[in-house]
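Here the numbering used here is used: the sequence shown runs in plain steps of one and ends on residue 810.
Where is the CB? At the ideal position from N, CA and C, for every residue including glycine.
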Amino acid sequence: MNQTCRCGGEMTIHMHTLIYKAKVKITNVPVFMCQSCFQYKPHPAVKNDLSLLLQELGGNPKRSRISFAERNELASVLNDTFYGYKGRGKGLEQAVQKAMSERIDLLLDLFRIASEAADKEWMEELESRLLKLVPHTVSRIV
Ligand SMILES: [Zn+2]
Numbered sequence: 669m670n671q672t673c674r675c676g677g678e679m680t681i682h683m684h685t686l687i688y689k690a691k692v693k694i695t696n697v698p699v700f701m702c703q704s705c706f707q708y709k710p711h712p713a714v715k716n717d718l719s720l721l722l723q724e725l726g727g728n729p730k731r732s733r734i735s736f737a738e739r740n741e742l743a744s745v746l747n748d749t750f751y752g753y754k755g756r757g758k759g760l761e762q763a764v765q766k767a768m769s770e771r772i773d774l775l776l777d778l779f780r781i782a783s784e785a786a787d788k789e790w791m792e793e794l795e796s797r798l799l800k801l802v803p804h805t806v807s808r809i810v
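In structure tokens:
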């Protein structure tokens, strides 16, 4: 469930706010953070979208605030889960899995509506969101 830090400490998942070039606040980034030395690294499942976002911002970004949950389906699900989750420890993994399957159900429902409406663009958007989530229900998230 958790990863181990180089210092030997236990790394657990957190929603983190990254500051990019001292100007851009990127909120709701899922990271693994060490309980002992507070080192952190982005969750492997969001690395791609995160580096795309940083490329987009470029070397001289404008002062702004971005919610990563709006850019990444997994961050969005985790954010919703953490928001509703008050406890700590064991229940979290189950809460995330439950939130993931609810999100997938929702996207499938929307996909059905989009396909009935023959809205190609919407179908493609939903399909890509689904494809980003499905692998993570197989591997472990937290
Ligand atoms: Zn550590």
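Discussion item. Please give me, in chain order, every unbroken run of the alpha helix (DSSP H) with length at least 4 that falls completely inside the segment 733-763.
Written reply: 741-752
Discussion item. Classify P712: buried if its beta carbon has 16 or more other beta carbons within 10 angstroms, exposed otherwise.
Written reply: Reading the sequence shown from its first residue, position 44 is the one you call residue 712. The residue in question, P712, is exposed, as its Cβ has fewer than 16 Cβ neighbours within 10 Å.
Discussion item. Please state the DSSP three-state secondary structure of Q723.
Written reply: Numbered from its first residue, the sequence shown carries residue 723 at position 55. Helix, per DSSP.
Worksheet item: Which residue's Cα is closest to the Cα of V692: L721, C673, G677?
Response: Within the sequence shown, the letter at position 24 stands for residue 692. Comparing Cα positions, the closest option is L721.
Item to complete: Please indicate yes or no: does the CB of G677 lie closer than 6 Å to some heavy atom of ligand 1?
Response: Sequence index remark: in the sequence shown, residue 677 carries index 9 (1-based). Correct: G677 has its Cβ closer than 6 Å to ligand 1.
Discussion item. Quick check: does the Cβ of Q671 come within less than 6 Å of any heavy atom belonging to ligand 1?
Written reply: Along the sequence shown, one-based indexing puts residue 671 at 3. Because no heavy atom of ligand 1 lies under 6 Å away, the Cβ of Q671 does not count as near it: no.
Worksheet entry | Enclosing beta strand (DSSP E) for C702 [first to last residue] | Your numbering for residue 702 matches position 34 in the sequence shown. Segment 692-702, the beta strand (DSSP E) holding C702.
Worksheet item: Residues in its own chain within less than 8 Å of F779 by CB, not counting five upstream and five downstream?
Response: Position 111 of the sequence shown, counted from the start, is the residue given in the question as residue 779. Once the five neighbours on either side are set aside, the close Cβ partners of F779 are M791, L794, E795, L798.
Fill in: Check whether N740 and D777 have beta carbons under 7 Å apart
Residue numbering aside, residue 740 sits at position 72 when the sequence shown is read from its first letter. Residue numbering aside, residue 777 sits at position 109 when the sequence shown is read from its first letter. Cβ atoms of N740 and D777: not closer than 7 Å.
Discussion item. Let me make sure I understand the geometry here. Which of D787, A785, V697, L746 has the alpha-carbon closest to that of A767?
Written reply: Counting from one through the sequence shown, the residue named residue 767 turns up at place 99. Of D787, A785, V697, L746, the residue nearest in Cα terms is L746.
Discussion item. If contacts are defined as beta-carbon pairs under 8 Å, then V673 and S704 qualify, I think. What distance do you get, rounded to the angstrom?
Written reply: Residue mapping note: residue 673 aligns to position 5 of the sequence shown, counting from 1. Residue mapping note: residue 704 aligns to position 36 of the sequence shown, counting from 1. The sequence shown places Cys at residue 673, not Val. Indeed, because the Cβ distance is near 7 Å, the residues count as touching under 8 Å.
Discussion item. Applying the 10 Å Cβ sphere with the 16-neighbour rule, what's the burial state of I681?
Written reply: Here residue 681 corresponds to residue number 13 of the sequence shown, with the count starting at 1. Burial call: buried.
Worksheet item: Applying the criterion that 16 or more other CB atoms from any shown protein chain within 10 Å of the CB defines a buried residue, is T702 buried or exposed?
Response: Taking the sequence shown and counting its residues from 1, the one referred to as residue 702 is at position 34. For clarity, residue 702 is Cys in the given sequence; the question names Thr instead. The residue in question, C702, is buried, as its Cβ has 16 or more Cβ neighbours within 10 Å.
Worksheet entry | Rounded separation between S735 and Q671 - CA only | Residue mapping note: residue 735 aligns to position 67 of the sequence shown, counting from 1. Residue mapping note: residue 671 aligns to position 3 of the sequence shown, counting from 1. Those two C-alpha atoms are separated by around 25 Å.
Discussion item. Assuming the contact rule is C-beta atoms closer than 8 Å, F750 and M683 should be a hit. Round their C-beta distance to whole Å, please.
Written reply: Position 82 of the sequence shown, counted from the start, is the residue given in the question as residue 750. Position 15 of the sequence shown, counted from the start, is the residue given in the question as residue 683. Confirmed, Cβ separation roughly 5 Å.
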